[in-house]
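Respectively, the protein sequence lines represent chains G and X. For the first sequence, our numbering assigns the number 1 to the initial residue and increments by one for each residue that follows. For the second sequence, our numbering assigns the number 159 to the initial residue and increments by one for each residue that follows.
Number of protein chains: 2
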Amino acid sequence: MSDHEQQPLPPTSRLSGDALPPVEQHARQYETVRNAHETELIEDYVELIGDLLRHRGEARAADIASRMAVSQATVSKMIRRLNELGLVTSRPYRSLFLTEAGQNMAETSRARHDVVLHFLRALGVRDTTARIDAEGMEHHVSDETLAIMQRFTETHQT
Amino acid sequence: MSDHEQQPLPPTSRLSGDALPPVEQHARQYETVRNAHETELIEDYVELIGDLLRHRGEARAADIASRMAVSQATVSKMIRRLNELGLVTSRPYRSLFLTEAGQNMAETSRARHDVVLHFLRALGVRDTTARIDAEGMEHHVSDETLAIMQRFTETHQT
DNA sequence: CAAATAGTTTAGCCTCGGCTAACAAATATT
DNA sequence: AATATTTGTTAGCCGAGGCTAAACTATTTG
């Protein structure tokens, strides 16, 4: 092996950014994100089912598939999971329905989603962009931040 | 089967929320989120490696494991992937380094992260919460929104 | 310098969330 | 009513991202 190895730099000039958080706190941040990821998809499905029921009166697997840009097989499998989790009831070739628990989840998600979306719009983000960003952000916004966003939106009516 | 089946409601009273977006747009929203998810973890690793290098002078697998609250085996596997993607160089039992591409990614991620974090603080979110939220949000904020966040932060200095 | 400890890798397992292909059931069309 | 179309399910595949256990390498310490 060569002696001219690439060497780590000294703890070095901080040109940007904050200090590293203490290990445990840092770890908790990542854990929080990982946990969010686990529930995220479930919530998206439930929320969408709720929206379809509300706006269309029914929620069919095919609609979910096309709106999520996912195969029907994937939706079918997912519905089985939602069923096992006690979030939806389903009978083949019939519309899906949300259980009580499902309805709660849908409402909560919808509410978070709306707060984030309206906040982004109040901030001045274009509608299309706001929708995309809101879809991704909604699962990662804490209650604290959500409350602040809501207040902001209210005091910055267009 | 019973005749008293649970029936879909009529297109119904909208108590809250916006109308459903057209199918194709809706689909693009979900696709965007799914794509973000694919790169998210990669970016988190690269960003963390960059931070460790900058603040500590070296980035060891063990540090990454404890800061991400993940097993060393998981980190080891991930490093192989990062290697294949041409983002890091590694030699067994030595510090990791970022390739040119890796450095670019790390800088970009770091920058996004900082913008979001400072924005949240400027909004009035407590530091600990802001850090957690920023970690989750950073991958889902479009350039457009990012620019707006930056302007907001600048004009709302504490 | 030998032994203990710390760091890293590999093997093998698991779950999730995608996919396609094949089939089955319901609905629509002719 | 027969056929075509749409809708839904099942089986089986894949990659990602976790895990534990076991083996191996490096470093530290007695």
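Backbone N, C-alpha and C define an ideal beta-carbon position, used for all residues, glycine too. Computed from a prediction, not measured in an experiment: that's the story for all the values here.
Whether or not the region 131 to 144 of chain G and the region 57 to 72 of chain G are in contact is what I'm after, with contact meaning three or more pairs of Cβ atoms, one per stretch, closer than 8 angstroms; do they touch? Taking a contact to require three or more Cβ pairs closer than 8 angstroms, the region 57 to 72 of chain G and the region 131 to 144 of chain G do not qualify as touching.
Determine whether the Cβ of Gly282(X) lies closer than 8 angstroms to any Cβ atom of chain G. Within the second sequence, the letter at position 124 stands for residue 282(X). Output row for Gly282(X): interface = yes.
Counting only the same chain and skipping the five closest in sequence on each side, list residues whose C-beta sits under 8 angstroms from that of Val204(X). By 1-based counting over the second sequence, the position of residue 204(X) is 46. Taken in chain order, the residues that qualify are Leu240, Leu245, Val246, Leu256, Gly260, Met263, Ala264, Ser267.
Would Val246(X) count as contacting chain G if we go by Cβ distances under 8 angstroms? Reading the second sequence from its first residue, position 88 is the one you call residue 246(X). For Val246(X), the answer is no, since every Cβ of chain G falls outside 8 angstroms of its Cβ.
Cβ atoms of Leu254(X) and Ile207(X): under 8 angstroms apart, would you say? For this step, residue 207(X) is matched to residue 49 along the second sequence. For this step, residue 254(X) is matched to residue 96 along the second sequence. Taking 8 angstroms as the Cβ cut-off, Ile207(X) and Leu254(X) qualify as a contacting pair.
Could you check whether the Cβ of Thr32(G) sits closer than 8 angstroms to any Cβ belonging to chain X? As a first step, residue 32(G) must be located in the first sequence, where it is residue number 32. So yes, Thr32(G) belongs to the interface.
Residue range of the unbroken alpha helix (DSSP H) whose run includes Gly260(X): On the second sequence, residue 260(X) is found 102 positions in, with the first residue counted as 1. 258 to 281 is the extent of the alpha helix (DSSP H) around Gly260(X).
Within 8 angstroms of any Cβ in chain X, is that where the Cβ of His156(G) sits? In the first sequence, residue 156(G) corresponds to position 156, counting from 1. False, the Cβ-Cβ gap to chain X never drops below 8 angstroms.
Answer with buried or exposed for Arg159(G), where buried requires no fewer than 16 other C-beta atoms within 10 angstroms of its C-beta. Because chain G spans 1 through 158 in this model, residue 159(G) falls outside it and cannot be assessed.
Inside the region 182 to 238 of chain X only - alpha helix (DSSP H) runs reaching at least 4 residues: Taking only runs of at least 4 residues, the alpha helix (DSSP H) segments lying wholly in the region 182 to 238 of chain X are 219 to 226.
Please identify, using Cβ separations under 8 angstroms, the residues of the region 192 to 208 of chain X that lie next to chain G, in order along the chain. Ala194, His195, Asp202
Let me check understanding here. Comparing Cα to Cα, which of Thr303(X), Val299(X), Arg309(X), Ala305(X) lies closest to Ala194(X)? For this step, residue 194(X) is matched to residue 36 along the second sequence. Out of Thr303(X), Val299(X), Arg309(X), Ala305(X), Val299(X) has the C-alpha closest to the C-alpha of Ala194(X).
Please report how far the alpha carbon of Ala147(G) lies from the alpha carbon of Arg252(X), in whole angstroms. What you label residue 147(G) is simply residue 147 of the first sequence in a count that begins at 1. What you label residue 252(X) is simply residue 94 of the second sequence in a count that begins at 1. Here the alpha carbons of Arg252(X) and Ala147(G) stand approximately 46 angstroms from one another.
Flag Pro179(X) as yes if its beta-carbon sits less than 8 angstroms from any beta-carbon of chain G, otherwise no. Translated into positions along the second sequence, residue 179(X) becomes position 21. Answer yes: the Cβ-Cβ gap between Pro179(X) and chain G drops below 8 angstroms somewhere.
Counting contacts by CB-CB distance shorter than 8 angstroms, is Ile64(G) in contact with chain X? Residue 64(G) sits at position 64 when you count from the first residue of the first sequence. Judged by the 8 angstroms Cβ criterion, Ile64(G) is not in contact with chain X.
Leaving out five residues before and five after Leu178(X) in sequence, what residues of the same chain have Cβ atoms less than 8 angstroms from its Cβ? Locating residue 178(X) in the second sequence gives position 20, counting from the first residue. Counting only Cβ-Cβ distances below 8 angstroms, and skipping sequence neighbours, we find His184.
Status (buried if at least 16 other CB within 10 Å, exposed otherwise) for Val75(G): Your numbering for residue 75(G) matches position 75 in the first sequence. Counting Cβ neighbours within 10 Å, Val75(G) comes out buried, since at least 16 surround it.
For Thr232(X), decide whether its Cβ has a neighbour in chain G, counting only Cβ atoms nearer than 8 angstroms. Along the second sequence, one-based indexing puts residue 232(X) at 74. Closer than 8 angstroms: no.
Do Glu138(G) and Thr121(G) count as a contact pair if the criterion is CB distance below 8 angstroms? Within the first sequence, residue 121(G) is the residue found at index 121, counting from 1. Within the first sequence, residue 138(G) is the residue found at index 138, counting from 1. According to the sequence displayed, residue 121(G) carries Arg and not Thr. Going by C-beta atoms, Arg121(G) is not nearer than 8 angstroms to Glu138(G).
Length of the line joining the Cα atoms of Gln315(X) and Arg238(X): Against the second sequence, residue 315(X) aligns to sequence position 157. Against the second sequence, residue 238(X) aligns to sequence position 80. When rounded, the distance between both Cα atoms is 42 angstroms.
Assign Ala217(X) to one of two classes, buried (16 or more other C-beta atoms within 10 Å of its C-beta) or exposed (fewer than that). Translated into the one-based positions of the second sequence, residue 217(X) becomes position 59. Buried: at least 16 other Cβ atoms inside 10 Å.
Name, in chain order, the residues that DSSP records as bridge partners for Val246(X). For the purposes of this step, residue 246(X) is taken as residue 88 along the second sequence, with counting starting at 1. Paired residue(s): Leu256(X).
Using a Cβ-Cβ cutoff of less than 8 angstroms, which residues in the same chain neighbour Pro8(G) once the five nearest sequence positions on both sides are dropped? Position 8 of the first sequence, counting from 1, holds the residue named residue 8(G). Legend: pLDDT at Pro8(G) = 44, less than 50; position of this residue unreliable, no value from coordinates given.
For the region 271 to 297 of chain X, which residues have a CB atom closer than 7 angstroms to at least one CB atom of chain G, in sequence order? Correct list: Asp272, Leu278, Leu281, Gly282, Val283, Arg284, Thr287, Arg289, Ile290, Asp291, Glu293, Gly294, Met295.
According to the Cβ coordinates, are Met236(X) and Val273(X) closer than 8 angstroms? The count along the second sequence starts at 1 and reaches residue 236(X) at position 78. The count along the second sequence starts at 1 and reaches residue 273(X) at position 115. In this structure, Met236(X) lies away from Val273(X), with their beta-carbon atoms at least 8 angstroms apart.
Asp18(G) (DSSP reduced to helix, strand or coil): Start at 1 with the first residue of the first sequence, and residue 18(G) comes out as number 18. Note: Asp18(G) maps to coil in three-state DSSP.
Please determine, among Asp301(X), Gly282(X), Phe310(X), Thr311(X), the residue with the shortest C-alpha to C-alpha distance to Thr145(G). Numbered from 1 along the first sequence, position 145 holds the residue referred to as residue 145(G). Nearest C-alpha to Thr145(G): Gly282(X).
Would Leu210(X) pass as a contact of Asp221(X) if the rule is Cβ separation under 8 angstroms? Stepping through the second sequence from its first residue, residue 210(X) is reached at position 52. Stepping through the second sequence from its first residue, residue 221(X) is reached at position 63. A contact, by the Cβ cut-off of 8 angstroms.
Tell me whether the beta-carbon of Phe119(G) lies closer than 8 angstroms to the beta-carbon of Thr153(G). By one-based count along the first sequence, residue 119(G) stands at place 119. By one-based count along the first sequence, residue 153(G) stands at place 153. In contact: Phe119(G) and Thr153(G) (Cβ atoms closer than 8 angstroms).
CB contact check: Gln187(X) to chain G, cutoff 8 angstroms: Locating residue 187(X) in the second sequence gives position 29, counting from the first residue. It does: the Cβ of Gln187(X) has a partner Cβ on chain G nearer than 8 angstroms.
Which residue marks the beginning of the alpha helix (DSSP H) containing Gln150(G), and which one marks its end? The residue you call residue 150(G) lines up with position 150 of the first sequence. Membership of Gln150(G) in the alpha helix (DSSP H) is indicated by the continuous run 143 to 155.
Can you tell me the Cα-Cα spacing of Arg186(X) and Ala223(X), whole angstroms? The count along the second sequence starts at 1 and reaches residue 186(X) at position 28. The count along the second sequence starts at 1 and reaches residue 223(X) at position 65. Roughly 34 angstroms separates the two Cα atoms.
Helix, strand or coil for Arg289(X), going by three-state DSSP, please let me know. On the second sequence, residue 289(X) is found 131 positions in, with the first residue counted as 1. Looking at Arg289(X) - three-state DSSP - the assignment turns out to be helix.
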